[in-house]
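**Q**
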Amino acid sequence: MIQYDHHVKVYYKDVDQMGIVYYSRYFEYFEQARTELLAFLGLDVSSIEEKGIQLPVVSGHCDYRLGARLEQQLIIRTMVNELPKAKLRIQYEVFVKGNDAESLVSGYTVHAFINRKGKPIRAPKTVIEKLKDQFNLAD
Numbered sequence: 001m002i003q004y005d006h007h008v009k010v011y012y013k014d015v016d017q018m019g020i021v022y023y024s025r026y027f028e029y030f031e032q033a034r035t036e037l038l039a040f041l042g043l044d045v046s047s048i049e050e051k052g053i054q055l056p057v058v059s060g061h062c063d064y065r066l067g068a069r070l071e072q073q074l075i076i077r078t079m080v081n082e083l084p085k086a087k088l089r090i091q092y093e094v095f096v097k098g099n100d101a102e103s104l105v106s107g108y109t110v111h112a113f114i115n116r117k118g119k120p121i122r123a124p125k126t127v128i129e130k131l132k133d134q135f136n137l138a139d
């Protein structure tokens, strides 16, 4: 498993009238965390796209248990549990900093690999190699 923790502070713009993070904001947090995870792996979005590869979200899901609140410090734990073939699944768990025993929110996004023409492709070798390095897998 590959795991990366991204830290986020809840701002006023993120909450509803009750002071709880608005449900759709979690997908924005997921995107931030995913971008940072990919950069951590040496797969920053700009370099991937320069190679003609795009990773659109084809599916997303979120389960809400407890609402995060204004000014809380959150950890978005981002995980890749398996090597992709044609799609990459990224999982997320959201915790209040200092309390990673209680998940507030969990979810996932699934990304297809496509070329510049929008045609589906298999996971590129460069992506697989970077992931294998983190999984400590030999060829």
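So for the sequence shown, this note's numbering puts the first residue at 1; every next one is plus one.
Using N, Cα and C, we set each Cβ at its ideal position, and we do this for glycine too.
For clarity, every value in this text was computed on a predicted model and none was experimentally measured.
1) Counting only the same chain and skipping the five closest in sequence on each side, list residues whose C-beta sits under 7 Å from that of Y22.
2) With distances taken between CB atoms, is the gap from C62 to Y26 smaller than 7 Å?
3) Could you name the residues of the same chain whose beta carbon sits closer than 7 Å to that of T35, not counting the 5 residues immediately before and after it, in chain order?
4) Could you spell out where the alpha helix (DSSP H) holding I76 opens and where it closes?
5) Is the number of C-beta pairs between the stretch 117-134 and the stretch 59-78 that are closer than 8 Å three or more?
6) Compare the C-alpha of L104 against each of L37, L41, L88 and L74 and name the closest.
7) With a 10 Å radius around its C-beta and 16 neighbouring C-beta atoms as the bar for buried, classify V58 as buried or exposed.
8) Taking all protein chains shown into account, decide if G42 is buried (16 or more other Cβ within 10 angstroms of its Cβ) or exposed.
**A** Well, looking at it:
1) D14, V15 and D16
2) yes
3) V45
4) Segment Q73 to V80 is the beta strand (DSSP E) holding I76; no alpha helix (DSSP H) there.
5) no
6) L74
7) exposed
8) Result: exposed.
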